[in-house]
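Peer 1: What follows is a structure written as structure tokens; I'll ask about it next.
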Amino acid sequence: MFQDETIYLLKQLYEWLIVDPNDIDEAKYLLLKRFSEAYATHQGSFHLLIIRQMVFNIGRLLEESPSFVPEGSNWGGFFDILLNVMKNQSLHVSIPALHLWVKLLSSDKIGNSPAIMALVSDLLETCSQRLVRFEDLPVDSSNPSIVFLNEDVDTMPERHAFLGNYARFCNQIVELVVQKQPIDALYHILGQADKVLDHVYDGEPPFQASNYTKTSVPYLRIDAQFTVIEAALKGCLKWLTASGNPQTEHEHEVMTSNLQVWCDRLLGLMFEDPMIKQRVIQLAVGFAIGPLKRNAQFALKIFDYILDTRCSAHPACLAYTDAVKDLQAVSLHQLQRLAMRFPDYLVIIFDEVERKVMSVSQSVASDEQTRARYSSVLFIIMHRATSVDVRPREERLDQFLQPMIDQWQDRTLSNSLSSFENFSRLLGLENLQQYLCSRAVNKLRNWSEHPLDDQGKALQTQMQNALDALPLRATKTVMNISVERLEQGSQPYDMACRLWHKNIPLILPNLLKFISQSQAFHDPSNWPALPPEMQDVVRRILTDRFWQVGISQGSRDEFYASVGDTKTTLEGFASSIRATVRTVRETGYRLLNYMSLLGEHFYSFAELPGPLAQALFADACALSPHQMAILVDTIRPIIDNCPEKYRSHFLPPILSALFEQLDRKASLEWERIEERSKAASEDDDLTSEMKDESILRQLTMASVMLVVGLLEPARPNPPAAPEVPDKVDGDAAGPSANTPRSFILRTPEILKPVILFCTHALRMRDTRACSLIAKVLRSIVPEFAGDGPVEPDVREFISTEVLKACITSLHDPYFVELQKDFAQLIASILISYTPRTERPKEILLSLPEMAPEKLDRATRHLFRAQQNTRQQRAIILDLLEGFRGIAIHEQGKLPKPDAKKLRSALQEKYMTVDVQASDKRELSPDLGGVAAMFG
Numbered sequence: 001m002f003q004d005e006t007i008y009l010l011k012q013l014y015e016w017l018i019v020d021p022n023d024i025d026e027a028k029y030l031l032l033k034r035f036s037e038a039y040a041t042h043q044g045s046f047h048l049l050i051i052r053q054m055v056f057n058i059g060r061l062l063e064e065s066p067s068f069v070p071e072g073s074n075w076g077g078f079f080d081i082l083l084n085v086m087k088n089q090s091l092h093v094s095i096p097a098l099h100l101w102v103k104l105l106s107s108d109k110i111g112n113s114p115a116i117m118a119l120v121s122d123l124l125e126t127c128s129q130r131l132v133r134f135e136d137l138p139v140d141s142s143n144p145s146i147v148f149l150n151e152d153v154d155t156m157p158e159r160h161a162f163l164g165n166y167a168r169f170c171n172q173i174v175e176l177v178v179q180k181q182p183i184d185a186l187y188h189i190l191g192q193a194d195k196v197l198d199h200v201y202d203g204e205p206p207f208q209a210s211n212y213t214k215t216s217v218p219y220l221r222i223d224a225q226f227t228v229i230e231a232a233l234k235g236c237l238k239w240l241t242a243s244g245n246p247q248t249e250h251e252h253e254v255m256t257s258n259l260q261v262w263c264d265r266l267l268g269l270m271f272e273d274p275m276i277k278q279r280v281i282q283l284a285v286g287f288a289i290g291p292l293k294r295n296a297q298f299a300l301k302i303f304d305y306i307l308d309t310r311c312s313a314h315p316a317c318l319a320y321t322d323a324v325k326d327l328q329a330v331s332l333h334q335l336q337r338l339a340m341r342f343p344d345y346l347v348i349i350f351d352e353v354e355r356k357v358m359s360v361s362q363s364v365a366s367d368e369q370t371r372a373r374y375s376s377v378l379f380i381i382m383h384r385a386t387s388v389d390v391r392p393r394e395e396r397l398d399q400f401l402q403p404m405i406d407q408w409q410d411r412t413l414s415n416s417l418s419s420f421e422n423f424s425r426l427l428g429l430e431n432l433q434q435y436l437c438s439r440a441v442n443k444l445r446n447w448s449e450h451p452l453d454d455q456g457k458a459l460q461t462q463m464q465n466a467l468d469a470l471p472l473r474a475t476k477t478v479m480n481i482s483v484e485r486l487e488q489g490s491q492p493y494d495m496a497c498r499l500w501h502k503n504i505p506l507i508l509p510n511l512l513k514f515i516s517q518s519q520a521f522h523d524p525s526n527w528p529a530l531p532p533e534m535q536d537v538v539r540r541i542l543t544d545r546f547w548q549v550g551i552s553q554g555s556r557d558e559f560y561a562s563v564g565d566t567k568t569t570l571e572g573f574a575s576s577i578r579a580t581v582r583t584v585r586e587t588g589y590r591l592l593n594y595m596s597l598l599g600e601h602f603y604s605f606a607e608l609p610g611p612l613a614q615a616l617f618a619d620a621c622a623l624s625p626h627q628m629a630i631l632v633d634t635i636r637p638i639i640d641n642c643p644e645k646y647r648s649h650f651l652p653p654i655l656s657a658l659f660e661q662l663d664r665k666a667s668l669e670w671e672r673i674e675e676r677s678k679a680a681s682e683d684d685d686l687t688s689e690m691k692d693e694s695i696l697r698q699l700t701m702a703s704v705m706l707v708v709g710l711l712e713p714a715r716p717n718p719p720a721a722p723e724v725p726d727k728v729d730g731d732a733a734g735p736s737a738n739t740p741r742s743f744i745l746r747t748p749e750i751l752k753p754v755i756l757f758c759t760h761a762l763r764m765r766d767t768r769a770c771s772l773i774a775k776v777l778r779s780i781v782p783e784f785a786g787d788g789p790v791e792p793d794v795r796e797f798i799s800t801e802v803l804k805a806c807i808t809s810l811h812d813p814y815f816v817e818l819q820k821d822f823a824q825l826i827a828s829i830l831i832s833y834t835p836r837t838e839r840p841k842e843i844l845l846s847l848p849e850m851a852p853e854k855l856d857r858a859t860r861h862l863f864r865a866q867q868n869t870r871q872q873r874a875i876i877l878d879l880l881e882g883f884r885g886i887a888i889h890e891q892g893k894l895p896k897p898d899a900k901k902l903r904s905a906l907q908e909k910y911m912t913v914d915v916q917a918s919d920k921r922e923l924s925p926d927l928g929g930v931a932a933m934f935g
């Protein structure tokens, strides 16, 4: 295949197949895509016979088994073809070759061959051109790649997924090339960037705030080049790490010197666009903490540059003003990164740094949250600088914390959290219900079409001011930087433990009230001033709007732009309400997470578990599935971080309440989805239903993964945290060698709601979740075959309810792909429990036409096949053959597919997104008689 004649034939074939974007020949274009990926069906065509062994598969052979290629083969000729395919204006034609280049460059056998190294400049050039944000270009653009993209992709979700994969491959190529040829590759990349920086506004009008857009052509040009440089810095850093020997030291010095010179030039350029300023700062910090991380003076220069970066004010230009706010947020984050990486250098000049940071904070910060983030930069320096004595540092940090702690202890705050009415007043929402009634919002279908009146605007401002005055976000900022990326036992970690050990008891009482009241806000029964016909308004206001990969139409940026456009409408008003409540709720969650990282300094409080469970779960069912999934993700690290000695004290009230609410919420939501599916009509909004089902699947999977994590047999205990004085009496403080799994299985208070949730999960219409739950249940079934105090009751429940759920799902056509999983679980129940109880046989005999002798014969065969799971499954599937569900297939003649929309498996792979909800509507089979079969 690599002989000159074949290479020449392939080159001619490819050139013949090239398609004009302005006049696309559909048949030829389809053949071109097959050429690039070596996929076609054998139908006797001469071209298709050759294509079956084309570029992608041939290249994979070369990458995986180069020894099979005869000597004297024309590798260079093949690589030239591969490069030309990668350069094709159609991204769908290009991506298989792009992917193959990643594989070739990663190969130890062929990645450093002279034939490949000769093409690295062309590879870098092409990747630089292709790293432009195609998703931000207009759909009707005349750009040939966009024209082809429109031809190949029907939906925006597929477009996003495909372009994300394409950009990832480009980044990987740049990184690999720089890692192999760092000096030459960086010279080439930085030279390209210089050309772009010198001509960034060529062909474009000068910058004007009045018509500002975040996706201007100059910004997209710079973003593409900076993305290339960021990928190059990753490769450079890997090379520096891997090649630490005296022979390469000189090359290291040359490279770092050249990088610093280039970055100095970058910092000297002047831009008015806030988005470009943002990218300059991000890239500069990437240099400082990457290849130039040994140069603390350079880091200080970047630090000062960020503090000095300003944008002129144009308050009337909303898009520009929003970009300036984004710049400020990014700048603060980058200052924190530098402070974490260079604390020992910055602490030497701390007084100077403090004066400058506070001066900037006072001049540019418009709210308490922003001022707190500027102060956090100083906190990081003092906290992480190990070159200064501990005691004066702790005293200084206490001074930072004291004003914030005083806020938490304020009696007025405690009173404001004592009731729902007072909480509404605290958030500036005491007149909300009256305002909603006066506007009759329940009668308005599209809130974004109704401008906000003066009273609404005043309420909006009042909400924002009230939120800014709360201590929540400032505390979150400081706690985050106190514990982020710290190893247990390190000096900064021990200092954080000492600082917060005395302050956590002062924060927790009101923190739990914040969480409890913010969740109660979602319960319509707590809105007494709203008449019954307006109860649904509460859910409508508090249901989050967010962009979903694979489902939402338009890009993420377009979604946020549309949200911004509705700010002065009733929809924007509702968004302000939900944002305020969400900020309180999720900031409270985050604070609990940070506290859990302090180990015993959090878990040792004897009075904590009950109130914590009450705050987190009392009103959890009022949350939407999306918000409930966030709660699950929040509670998981709090459970995981619990030290072993506090499990029996801390976990039972938390886990029992959690799984009771999860079971209730997930079951209700799946029932609602089923009912809506049965009542479906052609006029229904499929996109809305897909979103709802996708969100519910996320909640289901989050819950199931929590179960898997807790009951995983090989899961180790978490590392021990530093000791503190015990505050829990009894055996909670005693050491134990038990794993989380064994603790849960022997604790009935936790085990009961967990198994009940698992049983119901076997019927939830998510095949991945059901498969995982079946495996978890199969792993715990043998644990209850003994005679302990817990075993008999659990054994009877599994023999009855779990077995019934398995059989019902086995009968359901929806779960036809999981029949082997259910059969294996049924086999485990029969093998483990029939020697001790007749209940499994009684359940099976209650099925129609289940003969006792047939069941006895199957049971005997099961015991003979105890070591062979495949035989066990086969026996159960044969036993229940007449009861197994059959897959639902569409009837009738299938329409002939559109040739231009035909996709190969490889093309589908490049457009894969992690979304399980299908856009097809399938009616659930009628299983109403199944329950009655269990006599």
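Here the sequence shown is numbered in full-length UniProt numbering, starting from 1 and rising by one per residue. Even for Gly, the Cβ is constructed at its ideal location relative to N, Cα and C. None of the values given here were measured: they were computed from a predicted structure.
(1) Out of 605, 659, 578 and 856, point me to the one whose CA is closest to residue 624's CA.
(2) Can you list, in chain order, the residues of its chain with a C-beta nearer than 7 Å to that of residue 433? Leave out the 5 residues immediately preceding and following it.
(3) Is the beta carbon of residue 414 closer than 7 Å to that of residue 422?
(4) I'd like to confirm the pairing. Which residues does DSSP put opposite residue 569 in its beta bridges?
(5) So for residue 821, helix, strand or coil by DSSP?
(6) If you draw a straight line from the alpha carbon of residue 170 to that of residue 400, how long is it in whole angstroms?
(7) Candidates 332, 532 and 268: which alpha carbon is nearest residue 481's?
(8) In whole angstroms, give me the CA-to-CA distance for residue 17 and residue 82.
(9) So residue 755 packs on residue 815, CB below 8 Å; how close in whole Å?
(10) Once the 5 residues before and after residue 341 are set aside, which same chain residues still bring their CB inside 6 Å of it?
(11) With a CB to CB cut of under 7 Å and the five nearest residues on each side skipped, what residues in its chain are close to residue 150?
(12) By Cβ distance, which residues of its chain are closer than 6 Å to residue 234, with the 5 residues on each side in sequence left out?
(13) Could you tell me whether the segment 820-836 touches the segment 778-790, using the rule of 3 or more Cβ pairs below 8 Å?
(14) By how many angstroms is the C-alpha of residue 653 removed from the C-alpha of residue 610?
(15) Roughly how many angstroms separate the alpha carbons of residue 293 and residue 593, rounded to a whole number?
(16) Mark residue 277 as exposed unless 16 or more other C-beta atoms lie within 10 angstroms of its C-beta, in which case mark it buried.
(17) Express the C-alpha separation of residue 709 and residue 372 in angstroms, rounding to a whole number.
(18) Can you find the residues in the same chain that come closer than 7 Å, C-beta to C-beta, to residue 221, ignoring five residues on each side of it along the sequence?
(19) Would you mind reading off the limits of the alpha helix (DSSP H) that contains residue 765?
(20) Residue 843 and residue 804 look like a contact to me (Cβ under 8 Å); what is the Cβ gap, rounded to whole Å?
(21) Just to confirm before moving on: does the CB-CB distance between residue 749 and residue 667 stay below 7 Å?
(22) What is the rounded straight-line gap between the Cα of residue 734 and the Cα of residue 605?
(23) Enumerate in chain order the residues of its own chain whose CB-to-CB distance from residue 127 is below 6 Å, with the five nearest sequence positions on each side excluded.
(24) State the Cα-Cα distance for the pair residue 376 and residue 248, rounded to the nearest angstrom.
(25) For residue 665, collect the residues of the same chain with a Cβ closer than 6 Å to its Cβ; drop the 5 residues on either side in sequence, then sort them by chain order.
(26) For residue 790 versus residue 828, is the C-beta spacing smaller than 7 Å?
(27) Find the nearest neighbour of residue 98 within the set 494, 22, 845 and 124, judged by alpha-carbon distance.
(28) Can you give me the Cβ contacts of residue 747 inside the same chain, cut-off strictly under 7 Å, excluding the 5 residues immediately before and after it?
(29) Taking only three categories from DSSP, how would you classify residue 351?
(30) Three Cβ pairs or more, each shorter than 8 Å: is that satisfied between the segment 872-887 and the segment 809-826?
(31) Identify whether residue 20 lies in helix, strand or coil by the three-state DSSP scheme.
(32) Closer than 6 Å by C-beta to residue 153: which residues in its own chain qualify, once you throw out the five before and the five after it? Chain order, please.
(33) When you compare each of 569, 15, 574 and 534 to residue 442 by their alpha carbons, which one comes out closest?
(34) Anyone know if the C-beta pair for residue 466 and residue 428 falls short of 7 Å?
(35) Count the other CB atoms within 10 Å of the CB of residue 261; is the residue buried (16 or more) or exposed (fewer)?
(36) CA-CA distance, residue 727 and residue 642?
Peer 2: Put simply:
(1) 578
(2) 527, 529 and 530
(3) no
(4) 451
(5) helix
(6) 45 Å
(7) 332
(8) 14 Å
(9) With a Cβ gap of about 20 Å, residue 755 and residue 815 do not count as contacting.
(10) 289
(11) 139
(12) 175
(13) yes
(14) 6 Å
(15) 30 Å
(16) buried
(17) 36 Å
(18) 196 and 200
(19) Run containing residue 765: none; DSSP gives neither H nor E here.
(20) 6 Å
(21) no
(22) The predicted position of residue 734 is uncertain, since its pLDDT is 37 and thus under 50; a value taken from the coordinates is nonetheless stated next. Going by the C-alpha atoms only, they are around 15 Å apart.
(23) 170, 173 and 174
(24) 39 Å
(25) 621 and 628
(26) no
(27) 124
(28) 652
(29) helix
(30) yes
(31) strand
(32) 159
(33) 534
(34) yes
(35) exposed
(36) At residue 727, the pLDDT of 39 sits below 50, so the modelled position is not reliable and the matter cannot be decided from this model.
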